[in-house]
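For the sequence shown, the UniProt record's numbering gives the first residue as 1, with consecutive numbering after it.
Idealized CB from N, CA, C, for every residue including glycine.
Beneath this line is the structure, given in structure tokens, with notes to follow.
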Amino acid sequence: MKKKVLLMGKSGSGKTSMRSIIFANFIARDTRRLGATIDVEHSHVRFLGNLVLNLWDCGGQEAFMENYFASQRENIFRSVEVMIYVFDVESREFEKDLHYYQTCLEAIMQNSPQAQIFCLIHKMDLVPEEQREQLYSQRSEELRTLSKPLQCRCYATSIWDETLYKAWSSIVYALIPNVRLLEENLRQFGDIIDADEVLLFERATFLVISHCQQKQHRDPHRFEKISNIIKQFKLSCSKVAAAFQSMHVQNRAFGAFIDQFTANTYVMVVVSDTHVCPALTMLNIRNARKHFE
Ligand code: GTP
């Protein structure tokens, strides 16, 4: 099952950087060496076994953009499932960015009216921390209004922290078929083994694709933090030619188990009932695998 994903935004806004970090194991520092994308770069990413993300990274230099809207219009904008528009938050030409965004929306409405739209207000690390929230709400409000009658979902992102994982988890979540069934199965599994929380990660990217929560938790950013931390850890393992397979963290309050689950996923189970023996939870994870394959 192939899903076409368009990555749009002006040159230098950070499209290739985020694609390389999420799907090609780059670390943030390495993206400084990326050159400008010439025309469109296509990549196919296998995701969860039979889902193939067909990423169209569209170089953002003006000459290319004009070309997408004129001679390549149908080719670029037809059969799109998701369009991601990346805005450089520091751009001095915000009006021009908006103009290009709107032109993209018009082309999407004509050629792929069902497409889902995501706007990433990117490079947030360059904005002083105390101004981020206000700037983000102002920009996202403006984008939502401008996008009408289409709906866009906005995220504040940076390659230098976990916000990138949050945005991309939502993007891939929007593309996964049968996601409700997956969630229901995960909820049942969590119930049976008495877990506080169960998270399902896609194996290669470590993006959270589903979760079930049985107990409230005060940190709403914990999913993307875990994705980021484990992905960095996996990359460090591969540098010393070790393959990351599983992890068990135990303290007095809870136990957290991360383990390979199905062929394309990892699972994380958090158990706070310290009477449950860790070996039992690990056995339960192993036994549940076949139900999720
Ligand atoms: P084109 O290919 O010309 O369309 O550009 P692009 O949108 O693909 O930009 P690219 O990913 O090549 O990034 C341009 C520069 O922005 C690189 O030097 C990145 O390191 C930098 N960059 C990307 N994301 C971030 C971010 O979140 N914060 C900061 N500070 N810099 C970033």
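Member of the options whose CA lies at the smallest distance from the CA of residue i
i: GLN213; options: PHE233, ILE192, GLU66, THR205; result: ILE192
i: ASN251; options: ASP273, PHE47, ASN178, TRP168; result: ASP273
i: LEU175; options: GLU142, VAL45, ASN185, TYR68; result: VAL45
i: MET247; options: GLY255, VAL240, ALA241; result: GLY255
i: VAL249; options: ILE226, PHE261, SER236; result: ILE226
i: TRP168; options: ILE117, LEU186, ASN185; result: ILE117
i: LYS239; options: ALA253, MET18, LEU51, PHE26; result: PHE26
i: GLU141; options: LEU150, ARG132, PRO149, CYS154; result: CYS154
i: GLN260; options: LYS290, ALA107, ASN185, HIS42; result: LYS290
i: PHE206; options: GLY12, VAL267, PRO149; result: VAL267
i: VAL127; options: CYS119, VAL89, LEU98, GLN138; result: VAL89
i: ILE159; options: GLN138, GLN232, HIS211; result: GLN232
i: ASN50; options: ASP161, VAL276, PHE87, ALA263; result: ALA263
i: GLU292; options: ALA28, SER79, LEU181, LEU98; result: Before going further, note that residue 292 is Phe rather than Glu in the sequence given. For PHE292, the nearest C-alpha among the options comes from LEU181.
Proximity below 9 angstroms, CB of residue i to CB of residue j
i: THR31; j: ILE21; result: yes
i: LEU48; j: LEU7; result: no
i: ILE121; j: THR145; result: no
i: THR163; j: GLU224; result: yes
i: ILE84; j: ILE171; result: yes
i: SER13; j: ALA36; result: no
i: VAL82; j: CYS58; result: no
i: ILE229; j: PHE244; result: no
Between the CA atoms of residue j and residue i - distance to the nearest angstrom
i: SER43; j: ILE76; result: 14 angstroms
i: VAL270; j: VAL198; result: 6 angstroms
i: VAL5; j: SER236; result: 29 angstroms
i: CYS119; j: MET65; result: 17 angstroms
i: ARG218; j: ASP196; result: 13 angstroms
i: PHE189; j: ARG286; result: 12 angstroms
Burial state of residue i (16 or more Cβ within 10 Å)
i: SER71; result: exposed
i: GLU106; result: exposed
i: ARG19; result: buried
i: LEU283; result: exposed
i: SER17; result: buried
i: GLU93; result: exposed
i: TYR173; result: exposed
task: Anything with a beta carbon under 6 angstroms from a heavy atom of the ligand GTP counts; list them all in chain order.
output: GLY9, SER11, GLY12, SER13, GLY14, LYS15, THR16, SER17, THR31, ARG32, LEU34, ALA36, THR37, GLY59, GLY60, GLN61, HIS122, LYS123, ASP125, LEU126, SER158, ILE159, TRP160
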